[in-house]
Amino acid sequence: MDMNQYLSMFIDESNDHLQSLNENMLGLEQHPDDISIVQVIFRSAHTLKGMAATMGFEDLASLTHQMENVLDLVRNDKLKMQEIIFDTLFQSLDALQSMVQDITQGGEGKADVSSIVSALQGIVNGDMTTAASSTPANVSSSSSHEGTAVQLDEYQYSVLEQSIAEGHKVMFIEVAIRQDCQLKAARAYLVFDLLERYGEVVKSHPSVQEIEQEKFDRSFSLYYITQKDSSEMKSMILNLSEIDSAEVVALDQETLSQLSFGHKEASATSAPSIESTTQPVVAEPASKLAVTEENKNGARATGGTAAAPSRTIRVDIERLDVLMNLLSELLIDRSRLEQLADEVRRPDLTETVEHMSRVGSDLQNIVLKLRMVPVDTVFNRFPRMVRDLAKSLDKKIDLVVIGAETELDRTVIDEIGDPLVHLLRNAVDHGVESTAKRIAAGKPETGIIELRAFHSGNHVFIEIEDDGSGIDRDIILGKALKNGIVTESEGAAMTDEQVYMLLFAAGFSTAEVISDISGRGVGLDVVKTKINSLSGVVSVTSKLGKGTKFSVQLPLTLSIISAMLIKVGSEKYAIPLSSIIETGLIKRNQIRNVHGYTMIPYRDTHIPLLSLADLFQVKDFDEDSEEETEIIVIHKGDRLAALTVEDFIGQSEIVIKHLGKYLPSIQGIAGATILGDGQVALIIDSNAFIK
């Protein structure tokens, strides 16, 4: 039998089961005596084993079988769950995820999992010492990585990748201390102190904590971001006393991906499943892959596939993208037909075009709903990530997820994962205090991080709030003054919220010590850049000693939006309605010049006034000659500004077309759209005009 026809279904369902196994393992860790959870985990593992065996992936089936042996003892009350068992099972899941990822990329799902198998067999035989010594720190999916490789996770890899894209220099550095050195940790500290003065250390091996405790032979390696040349960095390191050698390798995108093999594994364990990037529907029952009745029951018990398979189908995301592009063209033609019908004024043509408009609107709503995906497809990987981070930091943290059913357009979902990883890691590392500090402050020893998603108007808000120590305004401002980001006079005039936003300045960090996980600020400029590229806004609120909240505001969709069409001279522009507060008129004598800024009265305050004609150098419109000027009041979060225009054309549903790689990124322009008369109108990114 040719199994290739079932491969796509196998991959999707395997990812479903692995996600279910991760979630249920986290639940079991909270309630280790709940046998019902063990039963669900066992059935899901058994189903996965049957599917893998049927498809001929023997390594995957063999490892799952070893997991089954352990779970069988637990469910029959012959073995009690304990920390080493949880750690080994989680590492088994990571290895399984790597195998499935390898299969997804066209491999055979091979992996060297002998150490994990030994650990599982040690647990079955009651030898926990063997299990502990056999459990590896990392498992590679299809090959081994020699030497003291620094294993990057998804967060660290994305920081390095973004730094290369922005023109920073990324290096892999390996330093060896002289054999006769008496104070290895002190020499290592001097190296790190030097590196911190000229850039950022992203990840080291061994970890910083192990180096501080002299738990290393005589060499260590790290990934580093700087503006200095590699030869200059090497020279400075070698100038330190008792340094034997220093190897500094400058990296580009290609060499980074080759060196950081660990990132591939991290991506495999934390990337959303195939189904998370498609509309989650399934065409045929899973029983074609797992032939026993128990397998079918297991799939249902773990929520692997749809509850009513006869009513749903699985659709490839590329087909949805093609459908959206065709709909976009249809909407452009609809606008053109509406304009022609208005000019010709034939009743039968008008009636037909009106009916076509209604059908087009219904079709648009259906296609947009097809592309909507619950944010749960991104959120579901975070509980495991937070659990592992908290464990590595010796903290107790509960992640509370609220509103995971909130839906977003697939294009937004695909891009929002990395920024949320950055913010969550930041909350775990620097938001929530250590257990000792929490107890000393009179707080519960377990910290709480809430991850919330909810709709508000045409936007989705995602909030990450911790009950940690909060952000100290004075520390942030002091660091910003030291780095020359703001002046003393500017800092004194800033509100708390404006000071907190300094965290998003490029390279800004308040971390007092180097951390392998994050610094309050490391990578946050990447977060802001990504969210801005999605036409979103990020804001921060905090209370010292109480906690911090990061709020991300995102548009529901990036494909078709409602916009106000305006005219400036011979140019036409579109401004998204989601950015507009209101429109109005302003008399020339109401315009004021305050400290070099053009301002107008608005409600009970004054707001900046910006001229679109000046911003885009429109030469055939002179607004100074007009007594009254039309304005559009726009907002970015709580901040307001007004744009002057010549005339309003009206509201319209527009299709966003990107300017393409041939045009550079233009500040204030989010893309373009084709109007009903065939003209091209630029879409204004109003966020760019509000600082």
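Heads up: the sequence shown begins at 6 in this note's numbering, then just goes up one per residue. Ideal Cβ placement from N, Cα and C applies to all residues, glycine included.
| Query | Result |
| --- | --- |
| So with Cβ pairs under 8 Å, would you call residue 66 a contact of chain C? | Given the protein chain composition of this structure (a single chain), no chain C is represented. |
| Going by other Cβ atoms of all chains shown within 10 Å of its Cβ, with 16 needed for buried, is residue 116 buried or exposed? | buried |
| Using CA coordinates, which residue listed in 581, 599 and 607 is at the minimum distance from residue 691? | 581 |
| From the DSSP output, in three-state form, read off residue 579 for me. | strand |
| Between which two residues does the beta strand (DSSP E) harbouring residue 649 extend? | 644 to 650 |
| Taking residue 405 and residue 444 to be in contact with their CB atoms under 8 Å, please state how far apart those CB atoms are, rounded to whole angstroms. | In fact, because the Cβ distance is near 21 Å, the residues do not count as touching under 8 Å. |
| Measuring straight from C-alpha to C-alpha, what distance separates residue 473 and residue 546? | 13 Å |
| Would you give the residue range spanned by the beta strand (DSSP E) that residue 503 belongs to? | Taken as a continuous stretch (DSSP letters only), residue 503 belongs to no beta strand (DSSP E), being part of the alpha helix (DSSP H) at 501 to 505. |
| Pull up the distance between the alpha-carbon of residue 68 and that of residue 15, whole angstroms please. | 17 Å |
| Go through its chain and collect everything with a Cβ distance to residue 245's Cβ below 6 Å, but skip five positions before and after it. | 195 |
| Residues in its own chain within less than 7 Å of residue 180 by CB, not counting five upstream and five downstream? | 196, 224, 225, 242, 248 and 251 |
| Does DSSP put residue 42 in a helix, in a strand, or in coil? | helix |
| May I have the straight-line CA-CA distance separating residue 338 from residue 568, to the nearest angstrom? | 17 Å |
| Taking DSSP as the reference, what is the three-state secondary structure of residue 171? | coil |
| Output the boundary residues of the alpha helix (DSSP H) element that contains residue 191. | 189 to 203 |
| Which one or two residues does DSSP pair with residue 256 in a beta bridge? | 175 |
| When the distance is taken between beta carbons, is residue 227 closer than 8 Å to residue 182? | no |
| Have a look at residue 699 and residue 507 and give me their C-alpha separation to the nearest angstrom. | As displayed, the chain neither begins before 6 nor continues past 696, which places residue 699 out of reach and without an answer. |
| With which residues is residue 210 paired in a DSSP beta bridge? | 226 |
| Taking all protein chains shown into account, decide if residue 130 is buried (16 or more other Cβ within 10 angstroms of its Cβ) or exposed. | exposed |
| To the nearest angstrom, how far is the alpha carbon of residue 459 from that of residue 383? | 14 Å |
| Using CA coordinates, which residue listed in 109, 466 and 95 is at the minimum distance from residue 124? | 95 |
| Less than 8 Å between the C-beta atoms of residue 558 and residue 541, yes or no? | yes |
| Compute the Euclidean distance between the alpha carbons of residue 715 and residue 206, then round it to the nearest angstrom. | Because the chain is modelled from 6 through 696, residue 715 falls outside the range shown and cannot be assessed. |
| Using the C-alpha atoms, what's the distance from residue 403 back to residue 23? | 21 Å |
| Let me check understanding here. Comparing Cα to Cα, which of 556, 418 and 695 lies closest to residue 456? | 556 |
| Closest to residue 566 by C-alpha separation, out of 675, 360, 469 and 498, would be which residue? | 675 |
| Going by DSSP, what residue range makes up the beta strand (DSSP E) through residue 611? | 610 to 616 |
| Near residue 141, which residues of its chain fall below 6 Å by C-beta distance, leaving aside the five closest residues on each side in sequence? | Note that residue 141 scores a pLDDT of 47, beneath 50, so its modelled location is shaky and nothing firm can be said. |
| Could you spell out the range, first to last residue, of the beta strand (DSSP E) harbouring residue 403? | 402 to 407 |
| For residue 62, which of 399, 106 and 603 has the nearest alpha-carbon? | 106 |
| Classify residue 231: buried if its beta carbon has 16 or more other beta carbons within 10 angstroms, exposed otherwise. | buried |
| My guess is that residue 446 and residue 550 are in contact by the Cβ rule of under 8 Å, so how many angstroms apart are they, rounded? | 7 Å |
| Return the first residue and the last residue of the beta strand (DSSP E) that residue 569 is part of. | 565 to 573 |
| Quick check: the Cα distance between residue 621 and residue 56, rounded to an integer number of angstroms? | 60 Å |
| Between the segment 634 to 644 and the segment 338 to 348, do at least 3 Cβ pairs fall closer than 8 Å? | no |
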